[in-house]
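See structure below.
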Amino acid sequence: MATTLLTTKRVEKPWGRHHLWPGFADPANDGAPVGEIWFERTDPAAPEARLLLKLLFTTAPLSIQVHPDDAFAKSKGLGNGKTEAWYVLGATPEAKVALGLTAPASPETLRAAVESGALKTLVNWRPAVRDEAILVPAGTIHALGAGLVVAEIQQRSETT
Numbered sequence: 000m001a002t003t004l005l006t007t008k009r010v011e012k013p014w015g016r017h018h019l020w021p022g023f024a025d026p027a028n029d030g031a032p033v034g035e036i037w038f039e040r041t042d043p044a045a046p047e048a049r050l051l052l053k054l055l056f057t058t059a060p061l062s063i064q065v066h067p068d069d070a071f072a073k074s075k076g077l078g079n080g081k082t083e084a085w086y087v088l089g090a091t092p093e094a095k096v097a098l099g100l101t102a103p104a105s106p107e108t109l110r111a112a113v114e115s116g117a118l119k120t121l122v123n124w125r126p127a128v129r130d131e132a133i134l135v136p137a138g139t140i141h142a143l144g145a146g147l148v149v150a151e152i153q154q155r156s157e158t159t
């Protein structure tokens with residue numbers, strides 16, 4: 000089996016940073032911060048990618064998200080849902096991740112929390128620990144906090 004070198008793609012994000020991980024050149028100080036580096040196979044013979052590997056660099060919390068599972072995505076005419084996994088490469092002492100809710104909540108309660116800006120108070124924030132692996136199944140409310148370097152492997156989907 001042949002080895003294929005993946006290309007990298009820098010993705011600018013407002014929550015990204017100017018000082019990346021060892022081995023990656025930092026963006027210019029007056030340029031936009033880099034939040035993600037994607038690893039992709041881009042040659043013409045590449046099959047359609049089912050997974051996407053990223054490095055994420057956070058200086059601010061990311062938005063609280065939930066991704067559909069495959070069945071729901073397909074019922075809406077979308078290719079697939081998104082399950083993802085994180086491996087924490089680096090974490091500041093105050094870094095946190097959000098996984099699920101602190102208590103069960105009805106759709107009405109969640110909607111009201113989103114509309115009032117209080118959703119972050121319902122989410123289960125916990126410390127992030129270097130070398131921790133975290134599975135985020137589709138349908139799980141989640142977010143990354145500030146101060147993290149995370150390797151993320153996900154189903155290739157931009158559906159949130």
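For what it's worth, numbering that gives the first Met the number 0 labels the leading residue of the sequence shown as 0, then goes sequentially. Note that beta-carbon positions come from the ideal geometry of N, C-alpha and C, so glycine has one too.
Alpha-carbon spacing of residue i relative to residue j, whole angstroms
{"i": "Glu-83", "j": "Gln-154", "result": "6 Å"}
{"i": "Pro-46", "j": "Thr-139", "result": "29 Å"}
{"i": "Arg-9", "j": "Val-33", "result": "7 Å"}
{"i": "Leu-50", "j": "Ala-112", "result": "32 Å"}
{"i": "Trp-85", "j": "Glu-35", "result": "13 Å"}
{"i": "Val-122", "j": "Ile-63", "result": "9 Å"}
{"i": "His-18", "j": "Asp-25", "result": "5 Å"}
{"i": "Leu-147", "j": "Glu-11", "result": "16 Å"}
{"i": "Gly-30", "j": "Arg-125", "result": "32 Å"}
{"i": "Leu-109", "j": "Asp-130", "result": "32 Å"}
{"i": "Val-106", "j": "Glu-114", "result": "According to the sequence displayed, residue 106 carries Pro and not Val. If you take the alpha carbons of Pro-106 and Glu-114, they lie about 12 Å apart."}
{"i": "Phe-71", "j": "Leu-52", "result": "23 Å"}
Which of helix, strand or coil DSSP assigns to residue i
{"i": "Ala-31", "result": "coil"}
{"i": "Lys-8", "result": "strand"}
{"i": "Phe-23", "result": "coil"}
{"i": "Ala-48", "result": "coil"}
{"i": "Lys-73", "result": "helix"}
{"i": "Leu-61", "result": "coil"}
{"i": "Ala-1", "result": "coil"}
{"i": "Ile-140", "result": "coil"}
{"i": "Gly-80", "result": "coil"}
{"i": "Gly-15", "result": "strand"}
{"i": "Glu-157", "result": "coil"}
{"i": "Ala-150", "result": "strand"}
Given residue i as reference, the closest of the options once Cα atoms are compared
{"i": "Gly-89", "options": "Leu-143, Pro-13, Leu-118", "result": "Leu-143"}
{"i": "Leu-134", "options": "Leu-5, Val-96, Ser-105", "result": "Val-96"}
{"i": "Lys-119", "options": "Thr-101, Pro-136, Glu-131", "result": "Thr-101"}
{"i": "Asn-28", "options": "Gly-15, Pro-21, Trp-37, Ile-36", "result": "Gly-15"}
{"i": "Ala-145", "options": "Leu-61, Glu-107, Lys-53, Gly-76", "result": "Leu-61"}
{"i": "Gly-197", "options": "Glu-107, Pro-13, Leu-54, Gly-30", "result": "A question about residue 197 goes unanswered here, because the residues of the chain that appear run from 0 up to 159."}
{"i": "Ala-137", "options": "Val-128, Lys-81, Asn-123", "result": "Lys-81"}
{"i": "Glu-157", "options": "Pro-92, Asn-79, Asp-130", "result": "Asn-79"}
{"i": "Val-87", "options": "Asp-68, Ser-105, Thr-57", "result": "Thr-57"}
{"i": "Val-65", "options": "Glu-93, Glu-151, Leu-98", "result": "Leu-98"}
{"i": "Thr-159", "options": "Thr-91, Trp-20, Ala-94, His-141", "result": "His-141"}
{"i": "Ala-104", "options": "Glu-151, Ala-59, Ala-117, Ala-132", "result": "Ala-117"}
>> As an exercise, report each continuous beta strand (DSSP E) stretch of at least 3 residues that is fully enclosed by the stretch 83 to 138, in chain order.
In response: Counting only runs of 3 or more, we get 83 to 90, 95 to 100, 122 to 126, 132 to 135.
>> Closer than 8 Å is the cut-off here; do at least three beta carbon pairs connect the stretch 36 to 52 with the stretch 0 to 17?
In response: Yes, since at least three Cβ pairs between the stretch 36 to 52 and the stretch 0 to 17 fall closer than 8 Å, the two stretches touch.
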